[in-house]
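One rule links them: number in this note's numbering = place in the sequence shown (from 1) + 557. Okay, structure first, notes after.
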Amino acid sequence: MRILLHICCSNCVTYPFRILGNEGHQIRGLWFNPNIHPSDEYSLRLQSLKGLASKWQMDVIYEGYEPERYFELFGLDGEKPEGLSPEDVPMAPERCSSCYHLRLRRTAEEARRMGFDAFTTTLLISPYQDFERLIQTGRRLADEYNVEFYLRDFRVYFKDSQTLSRELGLYRQKYCGCIFSRMERNRRVKK
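Right, dumping it as structure tokens:
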């Protein structure tokens with residue numbers, strides 16, 4: 558099966574890429590993450606993925622950094638997001654759903670356009686993501702774009718993927734990626 562794999566970061570791609578490849582699937586990655594903020598964090602994650610992709614001969618499509626596409630979901634100005642107050646922060650379930658939809662929609666569009674049999678995401682490896690929401694989003698988009706959403710619960714490999722990431726010296730982020738998760742993490746650390 559030809560699968561377009563949305564890649565959220567180098568850490569999360571390690572096991573899905575290996576497993577799907579070992580099963581005989583043809584995998585192409587898609588790096589589309591306008592949610593990651595600020596730009597230096599985006600660059601660290603992108604460079605980490607590029608290093609791994611080079612080492613493992615991964616075929617990856619790299620889309621440019623367009624944070625305004627993410628901020629538009631919440632009616633925010635992408636030019637000055639640092640001025641947000643805690644009251645401006647959308648609640649996690651809703652904002653995560655919007656983020657999943659944005660990134661998986663782009664993946665489904667590209668999978669359809671390029672004639673892939675299916676699409677999926679590395680977000681399915683993280684126990685910190687809302688697995689059920691990801692599945693619902695993937696299935697709705699599969700119906701809309703007439704391309705299969707390849708569902709696989711990779712969460713059992715999460716700890717192994719963290720260990721492998723350390724061994725490979727991959728950049729290991731401290732928050733999900735969006736400015737809101739960064740703000741929430743910083744508040745927790747201060748407490």
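Backbone N, C-alpha and C fix where the C-beta goes; we use that ideal spot for every residue, glycine too.
- When DSSP reads this structure, Ala610 sits in no beta bridge, so it has no partner.
- For the segment 679–734, the full-length alpha helix (DSSP H) segments reaching 4 residues or more read 688–702 and 715–725 along the chain.
- Pro573 is positioned such that its CB atom lies closer than 8 angstroms to that of Thr679.
- Residue pairing by DSSP places Gln583 opposite Arg559 in a beta bridge.
- Phe589 sits close to Arg663, with the two beta carbons spaced by under 8 angstroms.
- Using a C-beta cut-off of 8 angstroms, the segment 721–734 makes contact with the segment 597–613, since at least three inter-stretch Cβ pairs fall below that distance.
- When the five nearest sequence neighbours on each side are left out, the beta carbons in the same chain lying within less than 6 angstroms of the beta carbon of Ile564 are those of Val570, Gly586, Trp588 and Thr679, in order along the chain.
- In this structure, the straight-line span from the alpha carbon of Val704 to that of Lys747 is close to 45 angstroms.
- At a Cβ-Cβ threshold of 8 angstroms, Leu630 and Ser655 count as neighbours.
- The Cβ atoms of Phe673 and Ile560 sit closer than 8 angstroms to each other.
- Remark: C-beta atoms of Arg690 and Cys653 approach each other more closely than 8 angstroms.
- If you compare the alpha carbons of Leu721, Arg709 and Phe715 with that of Leu577, the shortest gap goes to Arg709.
- In the structure shown, Phe574 adopts helical secondary structure according to DSSP, grouped into three states.
- By the 16-neighbour rule on beta-carbons within 10 angstroms, Pro591 is buried.
- Counting along the chain, Tyr627 sits inside the alpha helix (DSSP H) bounded by residues Pro624 to Phe628.
- With 16 or more other CB atoms across the displayed protein chains lying within 10 angstroms of its CB, Asn568 is buried.
- According to DSSP, residue pairing for Thr677 in a beta bridge involves Leu562.
- Residue Arg660 holds the alpha-carbon nearest to the alpha-carbon of Tyr622 among Leu633, Asp616 and Arg660.
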